[in-house]
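Residue numbers (the numbering used here): 112 to 407.
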């Protein structure tokens, strides 16, 4: 390329200012102008490179890591913590990241995977709402707690609970006592609904959080009560009158398959013996006692 074309190219690129009367200059002058322009251009490039290359000090890096650590400690948002953890050096292990930033190794591993997939300061994808609990799901759990199969209503005017309603008003509701612990109740809930299409089941923590305020667990304050209802107290009195008060527990075996079977004890077992078996046993016991009394 001739000196004239080099000068024209540098002028077009705004690297040098246009040269006046270049056409009137001879070849030697144009060569000197071209050499001088190229030398100045080279010097400017080298100078700009030296100015832009900042020296990174180890103290600067240390201060940056401390600032990131402080930010992680002050934030409560899990996504922001993971995003900041992606700034950890690639040479660090999960344990080193965990120790320095005072987070779990699981969080360090998640941040490392996030950095590999999306780069530094990336945010984790938002969780899907597939497990969000609907009003029907909540009501299904509440109905499970208040079912007569798993809880019974406590007697007495004092056994009430003031419960705040959705409209803000408070309503006194009779307390119910759970007949099983929450773990057992949750297991039955999972068994009942886990294979039903369209119905989602939830974990123990969510299940326990939805326990109604008026449903109390065994051992709670005020949960102890003595039942004097006619359905069993009259039976106890009649058995005591004929001298069979101590045998009443043995008589239960005559009307159920097993006293340890919940289905039998809530009268839902179709295989349990009829009342005729109990009547026959009572007649035998009464006859035996009458015979012994006559002999005496």
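Even glycine gets a Cβ: it sits at the ideal position worked out from N, Cα and C.
In the displayed model, residue 188 falls within coil according to three-state DSSP, outside both helix and strand. The secondary-structure analysis by DSSP pairs residue 289 across a beta bridge with 262.
Here DSSP, grouped into helix, strand and coil, assigns residue 252 to helix. The C-alpha of residue 229 lies about 14 Å from the C-alpha of residue 201.
In this structure, 197 is the residue among 191, 197 and 187 with its C-alpha nearest to the C-alpha of residue 176.
Spatial neighbours of residue 290 in its own chain (CB-CB distance under 7 Å, excluding positions within 5 residues in sequence) are listed in chain order as 261, 262 and 263. Annotation: the continuous beta strand (DSSP E) that includes residue 273 extends over 271 to 275.
If you look at residue 211, you'll find it in the alpha helix (DSSP H) that goes 205 to 212. Taking C-alpha positions only, residue 317 is separated from residue 391 by approximately 50 Å. No Cβ-Cβ contact shorter than 8 Å links residue 383 with residue 370. When only Cα atoms are considered, residue 373 and residue 245 end up about 31 Å apart. In the three-state reduction of the DSSP assignment, residue 346 falls in the helix class. For residue 283, the three-state secondary structure derived from DSSP is strand.
The region 285 to 305 makes contact with the region 319 to 331: 3 or more CB pairs, one atom from each, lie closer than 8 Å. In the DSSP assignment, residue 373 falls within the alpha helix (DSSP H) that extends over 373 to 376.
Residue 274 places its beta carbon less than 8 Å from that of residue 324. Annotation: the continuous alpha helix (DSSP H) that includes residue 315 extends over 315 to 320. In the structure shown, residue 327 adopts extended strand secondary structure according to DSSP, grouped into three states.
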